[in-house]
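Asker: Below you will find the structure I want to go over with you.
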Amino acid sequence: MIADMSHEPTRASAIADLMRAGRETSRLSMVFRYAIAERLGLTVSDLECLDYLADVGSATAGQVAERTNLTTGAVTSMLRRLQQAGYVTAERDPADRRRVIVTPRPERIAEMARPYERFAERAERLVEGYHVEEIRLLVRHYDRMQEMYLAELDRLRSSDTT
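Sequential numbering of the sequence shown, starting at 1, is according to full-length UniProt numbering.
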């Protein structure tokens, strides 16, 4: 039991370091995304939308609104801008003419990826030094963090402040 007690300050310190590093990484990630958006002449919301569409291929305007946490009106304006700039196409859903299916244009998504290339290469080199078990731990951690973010977004959207 005494051994466990001596371990606790080290564990608490390690957890505090992890939380601090996570906050700083999150902050720097946002600053980086703002810089990328500015370089591309986009807003961060535009960039988030295009990033999401690049991952899923196509989505309805409602799915984009849910994923970006924007109102449907704001998403409609954003999608109109992105369509006029040639980043996306928007087609009526043949199964439900009220819905719009938004699809990224591959050549513009490739153009959007260029500012990330150097960072992605460096991140890949960093991860190459990790053991498979370490990589799997990081994947589990990110998966769990994503679940937590989604749950908190749902809570915030429902106005449940407890």
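C-beta atoms are modelled at their ideal positions from N, C-alpha and C, and glycine is treated no differently.
Buried or exposed: which applies to Met1, given that a residue is buried once 16 or more other Cβ atoms fall within 10 Å of its Cβ?
Answerer: Here residue 1 refers to the residue found at position 1 of the sequence shown. Low confidence applies to Met1: its pLDDT is 47, below 50, so where it sits in the model is not reliable, and the reading given next is rough at best. Looking at its Cβ environment, which holds fewer than 16 other Cβ atoms inside 10 Å, Met1 is exposed.
Asker: What span of residues does the alpha helix (DSSP H) with Thr76 cover, start to end?
Answerer: For the purposes of this step, residue 76 is taken as the residue at position 76 of the sequence shown. Residues 72–84.
Asker: Straight-line CA distance for Pro115 to Glu8?
Answerer: Sequence index remark: in the sequence shown, residue 115 carries index 115 (1-based). Sequence index remark: in the sequence shown, residue 8 carries index 8 (1-based). Distance between the alpha carbons of Pro115 and Glu8: 43 Å.
Asker: Can Ala61 and Val88 be called in contact, C-beta distance under 8 Å?
Answerer: For the purposes of this step, residue 61 is taken as residue 61 along the sequence shown, with counting starting at 1. For the purposes of this step, residue 88 is taken as residue 88 along the sequence shown, with counting starting at 1. Against a cut-off of 8 Å, the Cβ pair of Val88 and Ala61 comes out as no contact.
Asker: Based on DSSP bridge pairs, tell me the residues matched to Pro104.
Answerer: Counted from its first residue, the sequence shown places residue 104 at position 104. Answer is Val88, bridged to Pro104.
Asker: Give the C-beta separation of Ser58 and Thr103 to the nearest angstrom, bearing in mind that I take them to be a contact with Cβ-Cβ under 8 Å.
Answerer: Locating residue 58 in the sequence shown gives position 58, where the first residue counts as 1. Locating residue 103 in the sequence shown gives position 103, where the first residue counts as 1. Correct: roughly 4 Å between the Cβ atoms.
Asker: Could you spell out where the alpha helix (DSSP H) holding Thr68 opens and where it closes?
Answerer: Position 68 of the sequence shown, counted from the start, is the residue given in the question as residue 68. Per DSSP, Thr68 belongs to the alpha helix (DSSP H) from 61–68.
Asker: Between the alpha carbons of Leu138 and Gln84, how many angstroms are there, rounded?
Answerer: The count along the sequence shown starts at 1 and reaches residue 138 at position 138. The count along the sequence shown starts at 1 and reaches residue 84 at position 84. So the alpha carbons of these two residues sit roughly 39 Å apart.
Asker: Please confirm whether Val75 and Ala90 have their CB atoms less than 8 Å apart.
Answerer: The count along the sequence shown starts at 1 and reaches residue 75 at position 75. The count along the sequence shown starts at 1 and reaches residue 90 at position 90. No.
Asker: Can you tell me whether Leu153 is buried or exposed, with buried defined as 16 or more other CB within 10 angstroms of its CB?
Answerer: One-based indexing of the sequence shown puts residue 153 at position 153. Flag for Leu153 reads exposed.
Asker: Nearest by alpha-carbon distance to Arg108: which of Ala35, Ala21, Tyr34, Asp51 is it?
Answerer: Indexing the sequence shown from 1 puts residue 108 at position 108. Among Ala35, Ala21, Tyr34, Asp51, the Cα nearest to that of Arg108 is on Asp51.
Asker: How about Ala35 and Thr43: are their beta carbons less than 8 Å apart?
Answerer: Working through the sequence shown from its first residue, we reach residue 35 at position 35. Working through the sequence shown from its first residue, we reach residue 43 at position 43. No, the pair does not count as a contact, with Cβ atoms beyond the cut-off.
Asker: Pull up the distance between the alpha-carbon of Leu70 and that of Leu79, whole angstroms please.
Answerer: Locating residue 70 in the sequence shown gives position 70, where the first residue counts as 1. Locating residue 79 in the sequence shown gives position 79, where the first residue counts as 1. C-alpha separation (whole angstroms): 12 Å.
Asker: Can you name the start and end residues of the alpha helix (DSSP H) that His141 belongs to?
Answerer: To locate residue 141, count along the sequence shown from 1; it is residue 141. It spans 132–157 - the alpha helix (DSSP H) in which His141 sits, taken as one unbroken run.
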